[in-house]
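2 protein chains.
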Amino acid sequence: MHESSPENTTIRILLVDDHPLVLEGISARLESEPGIQVIGQASNGQEALALAAEMNPDVVLMDISMPVMNGLEAAEHFHNDQPDVRVLILSMHENREYIVKMIQSGAAGYVLKDVSSDELLRAIQTVYQGGTYFSAGASEALFSEFGHSDQPDKADTGLTKREETVLKLIAEGQVNKEIARTLNISVRTVETHRQNIKQKLNIQTAAGLTKYALEHNLISL
Amino acid sequence: MHESSPENTTIRILLVDDHPLVLEGISARLESEPGIQVIGQASNGQEALALAAEMNPDVVLMDISMPVMNGLEAAEHFHNDQPDVRVLILSMHENREYIVKMIQSGAAGYVLKDVSSDELLRAIQTVYQGGTYFSAGASEALFSEFGHSDQPDKADTGLTKREETVLKLIAEGQVNKEIARTLNISVRTVETHRQNIKQKLNIQTAAGLTKYALEHNLISL
DNA sequence: TGTCGTCTCCGTATTACTACGTAAATGCAT
DNA sequence: ATGCATTTACGTAGTAATACGGAGACGACA
Chain H
1 MHESSPENTT IRILLVDDHP LVLEGISARL ESEPGIQVIG QASNGQEALA LAAEMNPDVV
61 LMDISMPVMN GLEAAEHFHN DQPDVRVLIL SMHENREYIV KMIQSGAAGY VLKDVSSDEL
121 LRAIQTVYQG GTYFSAGASE ALFSEFGHSD QPDKADTGLT KREETVLKLI AEGQVNKEIA
181 RTLNISVRTV ETHRQNIKQK LNIQTAAGLT KYALEHNLIS L
Chain L
1001 MHESSPENTT IRILLVDDHP LVLEGISARL ESEPGIQVIG QASNGQEALA LAAEMNPDVV
1061 LMDISMPVMN GLEAAEHFHN DQPDVRVLIL SMHENREYIV KMIQSGAAGY VLKDVSSDEL
1121 LRAIQTVYQG GTYFSAGASE ALFSEFGHSD QPDKADTGLT KREETVLKLI AEGQVNKEIA
1181 RTLNISVRTV ETHRQNIKQK LNIQTAAGLT KYALEHNLIS L
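Protein chains in written order, with our numbering: chain H, 1 to 221; chain L, 1001 to 1221.
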C-alpha cells in the first residue's frame, strides 16, 4: 500500500470536472490544506486518463457527468489501466443506481457535492490509504439496497411454488429427466411446468430462464 | 444530522471490548486527541446498550466477539433502539461474511484492529458525520462480493474468442437460429460451436451455460 | 513449408424440448 | 359443498439441440 503515516506525505490529486468554476473552487480549497497537492486538472474522462498516465496522481477526484467520457467509463479505465490510482467520485447525485455502478466500476469512494471541505479532506485521506469512503447521503442510498433490506428480496414472479422449484432446477442446469427424478414426478409434468413458466414469464429459452432466475434471486452463482 | 463543523465539537465515544487491555489502550490513544472524549467503557453488548441509554454517546466503538451479547446483536439493538448512535466496529476479522452482517445490522463502519490511530480517528469522524467508513482490508473484502471487486476478472475459459461470443449469445437467451443471424454464420456452425463449448466446459444444458457465463462475467444481468 | 489451431460448414441419427390440447386429484377458501 | 388454483399426468406433432462423423480455408509459428 502507500505510506504508513500519510499525514507526513503529500497526496497528489488530479481534479476532474467539466465546470471550470467547480474545478477552481475545489482546487483552491484543497491547495490550502497541508498534505494535499492538486497536480492537475482535467475536464473530462479522456483528458483525465491521459493526464494521470503522465503525472501519476495518488487520487483522482472526479465528477460523474462529463462530456467525451463520463466518470463511470473513466473509473473503469482507471481501474483496469491504472489500478494504483484511487478514484474518488464527487457527485451531486444521491441516486443509488449511480453509486452502485460507480463502485462496480472500481471507484474507492463517493462523496456528495454538498460536503464540507473538512469531510472531503477526510474522504481523500481515506481512499488514499486504501479505504472506502461514502458520505452520509451516499451510504444511506447505498446500503438501503443491499445492506439492510433484510432479504435479497425475492421478487414476486407470478409463479407458483412448484413452478419456482422447477425453474430453480432448470436454472441450475438440470434437464427435464433429472428434474423429474429430483422431484419424483414424471417428465411430462416437468414439461408442463416448464411450459407454464415460459409462458408466464414470456421467455423462450432455457438460457433465458436461468438469467431470469438469477435476476430474481431464485438461485445464486 | 449533527454539527456542521465537527472539529469544533467533542465527539463522545463509548468503547466496548471484552479485553480490558485493548479498552485501556484505545482509550488512551483517543483521549489524547482533541475533539474526542471517551465517556464510557463496556465489556459486552448488554452493558454497552445500558450505558449508551444513560450517557448518549455519539459513537460506539465496538468489538464483534464478546461474551453475553456480541457486537452483531448489539449493533442491531442500537440500530433499532438508539438509531442516533453511530456504531463503528473495530474488529480483527477481515471476513467478508462478518462485515456484510455488520452492515446489515446497522453498523456505520468497520475498521480492522491494525489501523493507525490516525485512521481510527478519521473513521470516527466519518461515522460521526453520518458517513460510512471501511478500512482498506474491510472494503476489499466487502466489495469483492457484491460489486465487482478487482476485476470482473474474466477468467480463462479455455474457449476461443468465437466460442466466447457464441456463449454470450446463448447465455443471453438466443437460440441457434438467432445466433446464426447475429453473427452471419450458418446454424450448423453455431451448433458446432455450441457443441465444442459444452464439451470444453463439461456442461450439458443451455441453462448451465448461462450460469457459467454469469459466473465468469462474460455477461451480466 | 508443413503442421496446428481455429473457424467455417455439412450429414445422419437420436434425444430433448416445444406447442397444443385434455384431464384427474388435491387443497383451500367461500 | 362448490368453485378455483395448483399439481399432477398424458397424447401428438413438430422443432431444436445433441452426438457422432468428416472436411475445406486460413493464419500463426516453427
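Virtual Cβ for every residue (Gly too), placed ideally from N, Cα, C. The structure displayed is predicted, hence computed values, not measured ones.
Under 7 Å from the C-beta of residue i: neighbouring residues of chain L
i	result
GLY173 of chain H	ILE1203, GLN1204, THR1205, ALA1207, GLY1208 and LYS1211
Beta-carbon proximity list for residue i, same chain, < 8 Å, skipping 5 on both sides
i	result
ALA123 of chain H	LEU88, GLY109, VAL111, VAL115, TYR133 and SER135
ASP150 of chain H	Any reading at ASP150 of chain H needs caution, since the residue's pLDDT is 37, under 50, leaving its predicted position unreliable; the model's value is listed next. Counting only Cβ-Cβ distances below 8 Å, and skipping sequence neighbours, we find nothing.
ILE11 of chain H	GLY35, ILE36, GLN37, ASP58, VAL59, ILE124, GLN125 and TYR128
ILE1064 of chain L	ASN1070, GLY1071, LEU1072, ILE1089, SER1091, HIS1093, TYR1098 and MET1102
GLY173 of chain H	THR210
THR1165 of chain L	LEU1183
Exposed unless 16 or more other CB atoms sit within 10 angstroms - verdict on residue i
i	result
SER186 of chain H	exposed
LYS161 of chain H	exposed
ASN1080 of chain L	exposed
VAL16 of chain H	buried
LEU21 of chain H	exposed
GLY25 of chain H	exposed
THR1009 of chain L	exposed
VAL1068 of chain L	exposed
GLU215 of chain H	exposed
GLN1041 of chain L	buried
ASN1184 of chain L	exposed
ARG1188 of chain L	exposed
ALA1206 of chain L	buried
ARG1181 of chain L	exposed
ALA1028 of chain L	exposed
SER4 of chain H	Confidence at SER4 of chain H is low in this model, with a pLDDT of 42, below 50, so its placement is unreliable and the value that follows should be read with caution. SER4 of chain H should be labelled exposed.
Proximal chain H residues relative to residue i, where beta-carbon distance stays under 9 Å
i	result
SER1135 of chain L	THR126, GLN129, GLY130, GLY131 and THR132
LEU1214 of chain L	THR210, LYS211, LEU214 and LEU221
ILE1197 of chain L	Simply none; closest approach about 12 Å.
One or two residues paired with residue i in a DSSP bridge
i	result
ARG194 of chain H	DSSP output for ARG194 of chain H lists no bridge partner at all.
THR132 of chain H	L:PHE1134
ALA42 of chain H	H:VAL16
GLY1025 of chain L	According to DSSP, which records beta bridges pairwise, GLY1025 of chain L is partnered with nothing at all.
ILE230 of chain H	Within the shown structure, residues of chain H are numbered from 1 to 221, placing residue 230 of chain H beyond reach of any answer.
GLY1109 of chain L	L:LEU1088 and L:TYR1133
VAL1060 of chain L	L:LEU1014 and L:VAL1087
Contact set for residue i: own chain, Cβ-Cβ below 7 Å, skip 5 residues either direction
i	result
LEU1120 of chain L	VAL1111
ILE39 of chain H	ARG12, ILE13, LEU14, MET55 and PRO57
LYS1200 of chain L	GLY1158 and LEU1159
VAL85 of chain H	ALA52, PRO57, VAL60 and PHE78
TYR212 of chain H	LEU201 and ILE203
LYS177 of chain H	VAL187
ILE1219 of chain L	LYS1168, ALA1171, GLU1172 and ALA1213
VAL1190 of chain L	VAL1166, ASN1176, ILE1179 and ALA1180
6 Å Cβ shell around residue i - same chain, five flanking residues per side excluded
i	result
HIS77 of chain H	LEU49
SER105 of chain H	LEU72, ALA75 and GLU76
SER1043 of chain L	ASP1018
LEU1030 of chain L	ILE1036 and VAL1038
ALA107 of chain H	ALA75, VAL87 and ILE89
Partners in chain H for residue i, counting only beta-carbon separations shorter than 8 Å
i	result
ARG1122 of chain L	ARG122, GLN125 and THR126
When the options are compared against residue i, the one with the closest alpha-carbon
i	options	result
GLU163 of chain H	H:LEU214, H:GLU215, H:THR192 and H:THR205	H:THR192
ASP118 of chain H	H:LEU214, H:GLY208, H:ILE219 and H:SER32	H:SER32
ILE1197 of chain L	L:SER1027, L:LEU1183, L:THR1182 and L:ILE1170	L:ILE1170
GLY258 of chain H	H:MET62, H:VAL190 and H:LEU23	In this structure chain H extends from 1 to 221, so residue 258 of chain H is not present and cannot be described.
GLY1208 of chain L	L:GLU1178, L:LEU1167 and L:ASN1176	L:LEU1167
LEU23 of chain H	H:ARG194, H:LYS113 and H:VAL190	H:LYS113
Contacts of residue i in chain L (Cβ-Cβ under 9 Å)
i	result
ILE170 of chain H	THR1205 and ALA1207
GLU119 of chain H	PRO1006, GLN1125, THR1126, GLN1129 and GLY1131
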